[in-house]
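Under the numbering used here, think of the first position of the sequence shown as 60, with each following residue one higher.
Ideal Cβ positions, reconstructed from N, Cα and C, are used throughout, including at glycine.
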Amino acid sequence: MAKITKEEALNYHCEGKPGKLEVIPTKPYKTQRDLSLAYSPGVAEPCLEIEKNFEDIYKYTIKGNLVAVISNGTAVLGLGDIGAGAGKPVMEGKGLLFKIFGGVDVFDIEIDEKDPDKLVEIIKAISVTFGGINLEDIKAPECFIVEERLKAEIDIPVMHDDQHGTAIISAAGVLNALEISNKKIEEIKIVVNGAGASAIACTKLLVKLGAKHENILMLDTKGVLHKNRKDLNKYKLEFATDKPVHTLEDAMKGADLFLGLSVANVVSKEMIRSMNSHPIVFAMANPVPEISYEEAKEANPNVIMATGRSDYPNQVNNVLGFPFIFRGAMDVRSSIINDEMKIAAARALADLTKKDVPEVVKKAYNLTELKFGADYIVPKPLDPRLILTVAPAVAKAAMETGVAKHPIQNWDEYRERLIKLMNLDTSTFPM
Numbered sequence: 060m061a062k063i064t065k066e067e068a069l070n071y072h073c074e075g076k077p078g079k080l081e082v083i084p085t086k087p088y089k090t091q092r093d094l095s096l097a098y099s100p101g102v103a104e105p106c107l108e109i110e111k112n113f114e115d116i117y118k119y120t121i122k123g124n125l126v127a128v129i130s131n132g133t134a135v136l137g138l139g140d141i142g143a144g145a146g147k148p149v150m151e152g153k154g155l156l157f158k159i160f161g162g163v164d165v166f167d168i169e170i171d172e173k174d175p176d177k178l179v180e181i182i183k184a185i186s187v188t189f190g191g192i193n194l195e196d197i198k199a200p201e202c203f204i205v206e207e208r209l210k211a212e213i214d215i216p217v218m219h220d221d222q223h224g225t226a227i228i229s230a231a232g233v234l235n236a237l238e239i240s241n242k243k244i245e246e247i248k249i250v251v252n253g254a255g256a257s258a259i260a261c262t263k264l265l266v267k268l269g270a271k272h273e274n275i276l277m278l279d280t281k282g283v284l285h286k287n288r289k290d291l292n293k294y295k296l297e298f299a300t301d302k303p304v305h306t307l308e309d310a311m312k313g314a315d316l317f318l319g320l321s322v323a324n325v326v327s328k329e330m331i332r333s334m335n336s337h338p339i340v341f342a343m344a345n346p347v348p349e350i351s352y353e354e355a356k357e358a359n360p361n362v363i364m365a366t367g368r369s370d371y372p373n374q375v376n377n378v379l380g381f382p383f384i385f386r387g388a389m390d391v392r393s394s395i396i397n398d399e400m401k402i403a404a405a406r407a408l409a410d411l412t413k414k415d416v417p418e419v420v421k422k423a424y425n426l427t428e429l430k431f432g433a434d435y436i437v438p439k440p441l442d443p444r445l446i447l448t449v450a451p452a453v454a455k456a457a458m459e460t461g462v463a464k465h466p467i468q469n470w471d472e473y474r475e476r477l478i479k480l481m482n483l484d485t486s487t488f489p490m
């Protein structure tokens with residue numbers, strides 16, 4: 060893909076109507092009668108029905124298909140704390156992706172508040188409007204506090220995508236990479252460079268999948284997280300070690316898996332060579348990874364490599380997750396997005412990668428061949444099968460764990476509803 064210029068990016072966002080989203084009416088509005096039904100006096104009737112039975116809010120309003128994408132702008136992309144307003148283009152972009160991939164409507168809400176307790180109270184107060192809440196670009200450790208409290212105090216799905224979206228997609232890739240390299244997750248040695256929200260969530264999910272705490276070394280900007288360090292918060296302490304390893308160079312020796320959620324160019328070829336045979340390297344710093352694809356392959360041709368970039372194989376792209384995770388969760392009116400639902404999404408993504416890739420997907424990426432292997436361990440974002448694979452897996456997990464308030468009764472009908480929602484031509488991608 061050709062490099063995007065500053066001028067192109069600015070023009071894209073400002074030409075025509077500024078921004079990337081608008082509100083479109085879904086009911087007739089051209090006659091006086093239409094307007095009387097839409098507003099006064101007709102609107103009083105659904106109001107009274109909801110007053111009698113709150114669940115009817117899903118019947119008469121947009122709530123069941125509406126997600127709030129919420130940020131305070133304290134950790135925007137790789138830009139840092141640029142403020143709530145400056146983060147708005149990102150939140151609008153997230154709304155666009157929700158709609159085009161999952162058919163989910165979005166209001167993006169930027170809140171100029173850094174105190175986590177106040178932020179929670181604001182979000183709680185407006186949560187009645189929404190069927191789900193996607194937290195975005197809130198810095199650690201505040202993001203942990205905000206998400207934990209909201210999950211405990213409101214009864215709609217809440218997910219901080221910077222944490223769990225990255226964790227789910229990377230976990231899917233790791234599962235497939237382990238299968239290809241004939242390694243077991245409970246036996247591998249893991250190095251995690253970065254100890255922020257994404258790194259901790261990725262590591263926790265791997266532990267849920269079977270990775271052992273004693274086989275994990277996590278580093279922040281000061282080196283390996285050691286139990287004798289006095290500067291570690293409770294989230295970092297969970298992954299602190301007492302092993303006599305202090306630097307990234309030492310940690311990489313004999314490692315099977317490297318997860319990079321840090322900064323550019325901190326991994327050398329020598330570090331890759333010091334890893335175990337058939338190393339797995341997820342260098343996810345954006346836009347420049349911890350080590351480039353070319354350098355990693357030069358260091359060890361057997362490396363299985365993933366990055367956050369679209370111009371290399373195995374892009375860890377959160378759009379593979381959040382539209383379909385919220386779709387499935389909201390379609391059964393789940394009260395939460397729990398670990399079982401995240402694992403179901405990761406396994407669904409991993410399994411989809413092993414299926415024959417439709418020609419429509421290859422054509423979208425100008426590829427003649429695409430099959431499960433070292434350079435294809437996660438699906439492509441434009442794969443139309445994603446919504447039919449991930450959303451039902453998440454919905455089923457919600458039902459099986461008892462958090463679904465509106466279980467799906469007929470899975471064939473649900474599939475057809477998703478096909479109609481996204482206007483999919485299923486003749487181009489037999490499942």
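Query                                                                                                                                                          : Result
Let's test the definition: count the other Cβ atoms within 10 Å of the Cβ of L94 and tell me whether it reaches 16, buried, or not, exposed.                   : exposed
A342 and T366: beta carbons closer than 7 Å?                                                                                                                   : yes
With a CB to CB cut of under 8 Å and the five nearest residues on each side skipped, what residues in its chain are close to M458?                             : V391, P466, I467
In three-state terms, what does DSSP make of A231?                                                                                                             : helix
Roughly how many whole angstroms lie between the Cα atoms of G123 and G190?                                                                                    : 5 Å
Taking only runs of the alpha helix (DSSP H) that begin and end inside the region 115-150, which ones reach a length of at least 4 residues, in chain order?   : 116-119
Do V375 and S229 count as a contact pair if the criterion is CB distance below 7 Å?                                                                            : yes
Checking 7 Å against the spacing of the C-beta atoms, do V283 and L276 come in under that value?                                                               : yes
Can you check which of these residues, L136, N335, N112, L320, is closest to K14 by C-alpha distance?                                                          : The chain is shown only over 60 to 490; residue 14 falls outside these bounds and no answer can be derived.
Tell whether a beta-carbon distance below 7 Å holds between E172 and L178.                                                                                     : yes
State the DSSP-derived secondary structure class of N359, mapped to helix, strand or coil.                                                                     : coil
How many angstroms separate the CA atom of A199 from the CA atom of S327?                                                                                      : 27 Å
Which residues share a DSSP beta bridge with S393?                                                                                                             : A463
Are A314 and I331 close, meaning C-beta to C-beta below 7 Å?                                                                                                   : no
Report back the beta-carbon spacing between G269 and E245 to the nearest angstrom; my notes put them in contact at under 8 Å.                                  : 5 Å
Can you give the Cα-Cα distance for T225 and C202, rounded to whole angstroms?                                                                                 : 15 Å
Going by DSSP, name the residue or residues bridged to N22.                                                                                                    : Any question about residue 22 goes unanswered here, given that the chain covers just 60 to 490.
Less than 7 Å separating the beta-carbons of V325 and A404?                                                                                                    : no
Should H72 go down as buried or exposed, given a rule of 16 or more other Cβ atoms within 10 Å for buried?                                                     : exposed
Quick one: Cα of F298 to Cα of H272, how far?                                                                                                                  : 7 Å
Here's a check: name, in chain order, each residue in its chain whose Cβ is nearer than 7 Å to the Cβ of K242, leaving out the five neighbours to either side. : D315
Using a 10 Å radius around the Cβ and a threshold of 16 neighbouring Cβ atoms, would you call A231 buried or exposed?                                          : buried
Compute the distance between the beta-carbons of P440 and L379, then report whether it is under 7 Å.                                                           : yes
Relative to the alpha-carbon of T85, which residue among D164, S321, P360 has its alpha-carbon at the smallest distance?                                       : D164
By DSSP, does P182 sit in helix, in strand, or in coil?                                                                                                        : The residue asked about is misnamed: residue 182 is Ile in this sequence, not Pro. Of the three classes helix, strand and coil, the one that applies to I182 here is helix, per DSSP.
Could you give the distance in angstroms between the alpha-carbon of N287 and the alpha-carbon of V362?                                                        : 34 Å
From A407 to E428, what does the alpha carbon distance come to, in whole angstroms?                                                                            : 22 Å
If the criterion is Cβ atoms closer than 7 Å, does the pair N377 and G137 meet it?                                                                             : no
Between E212, I350, G144, which lies nearest to R368 when the distance is taken from Cα to Cα?                                                                 : I350
Looking at F383 and A450, is the spacing between their C-beta atoms short of 7 Å?                                                                              : yes
Measure the C-alpha to C-alpha separation of K79 and F431 and round it to an integer number of angstroms.                                                      : 35 Å
Please give me, in chain order, every unbroken run of the alpha helix (DSSP H) with length at least 4 that falls completely inside the region 62-121.          : 65-73, 91-97, 103-111, 116-119
Considering only residues of the same chain and omitting the five flanking positions on each side of A456, which have a CB-CB separation below 6 Å?            : E399, M400, A403
Applying the criterion that 16 or more other CB atoms from any shown protein chain within 10 Å of the CB defines a buried residue, is Q91 buried or exposed?   : exposed
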